[in-house]
Amino acid sequence: MAAGTTTDAQHQGSVEVRREGNVAVVTLRRESKRNALSTHMEAELLRALRTDAVTSSRAVVITGGDTVFSAGADITELRDMTPAAIADYYRESGSVYEVFAGLRQPTVAAITGYCLGGGLELSLAADIRIADPAAVFGFPEVGIGILPSSGGVTRATRILGPGRTRDLILRGRRIDAAVAERWGLITEITSAGEHVATALAIAGELAEYHPMTMAVNKQVLDASINASQSASLVLEQLAYALLNNTAGHGAEQSTGEVR
Numbered sequence: 006m007a008a009g010t011t012t013d014a015q016h017q018g019s020v021e022v023r024r025e026g027n028v029a030v031v032t033l034r035r036e037s038k039r040n041a042l043s044t045h046m047e048a049e050l051l052r053a054l055r056t057d058a059v060t061s062s063r064a065v066v067i068t069g070g071d072t073v074f075s076a077g078a079d080i081t082e083l084r085d086m087t088p089a090a091i092a093d094y095y096r097e098s099g100s101v102y103e104v105f106a107g108l109r110q111p112t113v114a115a116i117t118g119y120c121l122g123g124g125l126e127l128s129l130a131a132d133i134r135i136a137d138p139a140a141v142f143g144f145p146e147v148g149i150g151i152l153p154s155s156g157g158v159t160r161a162t163r164i165l166g167p168g169r170t171r172d173l174i175l176r177g178r179r180i181d182a183a184v185a186e187r188w189g190l191i192t193e194i195t196s197a198g199e200h201v202a203t204a205l206a207i208a209g210e211l212a213e214y215h216p217m218t219m220a221v222n223k224q225v226l227d228a229s230i231n232a233s234q235s236a237s238l239v240l241e242q243l244a245y246a247l248l249n250n251t252a253g254h255g256a257e258q259s260t261g262e263v264r
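The numbering used here numbers the first residue of the sequence shown as 6 and each following residue consecutively.
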């Protein structure tokens, strides 16, 4: 596929997948419900992440479109589930957050409007998060007697630290893009309406690097969070030795081919 070529969009119901050259763009398309993540939509997203358009890409952008990222999980359908049924949910459609986090490609979340609850958890599973000035972030779960349970507590603590995560979760607080950038929740505030274009530009840069370089870097970054300093240093050195002996490591000339 030639660099810069756009493919026709593939729809998984409320999830759309298209290719922009070597970048896969995954868009949540349940605008009438502010992209609330129902179990059905999570299952569609899971299927979308396993399409060839995504698996053969070199980078992935996830977005909710022009007005909202996701107002959260559609928790009404989980209210009457037994503990056993909820355990099954986390093994089935609820596993999508970990599947997204575990993609070998670098991932960029392009955020505007509400990015709350399950939507924030989905964005936290991305490698890089950017947002336009209209973005609003928060975990409202405490107000309905639950907690973020799809990686929200864990990832927010690692990204923000325990103090700010407690402030965000225990108060059910909402923060704007400026605060989110100051806290390190996002890395960049774009011009209004430019979140997707900026994310595509970043993803395009990431797509220039060899897929194994990106995959190994992601694995080391993830593993180092829980590793001791000595174990993390050994992991870095072993990963360097592996990549140093891998043909085509480092940046590549853009050929438009996915290898």
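The beta carbon of each residue, even a glycine, is placed where N, CA and C say it ideally should be.
Given residue i, which residues of its chain have a CB within under 7 Å of its CB, disregarding the five upstream and five downstream residues?
{"i": "alanine 53", "result": "Gln17, Val20, Val22, Val31, Val59"}
By a C-beta neighbour count over all protein chains shown, 10 Å radius and 16 as the cutoff for buried, is residue i buried or exposed?
{"i": "threonine 11", "result": "exposed"}
{"i": "asparagine 249", "result": "exposed"}
{"i": "threonine 117", "result": "buried"}
{"i": "alanine 204", "result": "buried"}
{"i": "isoleucine 207", "result": "buried"}
{"i": "leucine 175", "result": "exposed"}
{"i": "glycine 177", "result": "exposed"}
{"i": "alanine 256", "result": "Any answer about alanine 256 is weak, because its pLDDT of 49 lies below 50 and its placement is not dependable; what the coordinates show is given next. Exposed is the call here."}
Going by beta-carbon coordinates alone, are residue i and residue j separated by less than 7 Å?
{"i": "proline 167", "j": "arginine 63", "result": "no"}
{"i": "glutamate 75", "j": "glycine 69", "result": "The sequence as given places serine at residue 75; glutamate does not occur at that position. Their beta carbons are under 7 Å apart, which means serine 75 touches glycine 69 by this criterion."}
{"i": "alanine 202", "j": "valine 225", "result": "no"}
{"i": "glutamate 126", "j": "serine 155", "result": "yes"}
{"i": "valine 147", "j": "arginine 179", "result": "no"}
{"i": "valine 73", "j": "alanine 212", "result": "no"}
{"i": "alanine 182", "j": "threonine 170", "result": "no"}
{"i": "valine 104", "j": "glutamate 47", "result": "no"}
{"i": "alanine 220", "j": "arginine 109", "result": "yes"}
Leaving aside the five residues before and after residue i along the sequence, list all residues of the same chain whose C-beta is less than 6 Å from its C-beta, in chain order.
{"i": "alanine 78", "result": "Leu42, Gly122, Gly123"}
{"i": "glutamate 3", "result": "The structure shown does not extend to residue 3, since the chain is modelled only from 6 through 264, so no value can be given for it."}
{"i": "threonine 112", "result": "Val65, Ala131, Asp132"}
{"i": "alanine 114", "result": "Ile67, Ser128, Ala131, Arg134"}
{"i": "arginine 34", "result": "Ser19, Glu21"}
{"i": "leucine 152", "result": "Glu146"}
Can you list, in chain order, the residues of its chain whose CB lies under 8 Å from that of residue i, leaving out five sequence neighbours each side?
{"i": "threonine 271", "result": "Lying before the first or after the last residue shown, residue 271 is absent from the chain, which here runs from 6 to 264."}
{"i": "tyrosine 94", "result": "Thr44, Leu83, Met86"}
{"i": "isoleucine 230", "result": "Arg163"}
{"i": "proline 145", "result": "Gly77, Leu121, Gly122, Gly177, Arg179"}
Is any beta-carbon of chain C found at less than 7 Å from that of residue i?
{"i": "leucine 205", "result": "Of the protein chains in the structure, only one exists, and it is not chain C."}
Handout entry: Complete alpha helix (DSSP H) runs within the region 121-195 (minimum length 4 residues, chain order)
Key = 123-129, 157-165, 167-175, 182-188
Problem - Inside the region 209-252 only - alpha helix (DSSP H) runs reaching at least 4 residues - result: 216-229, 234-249
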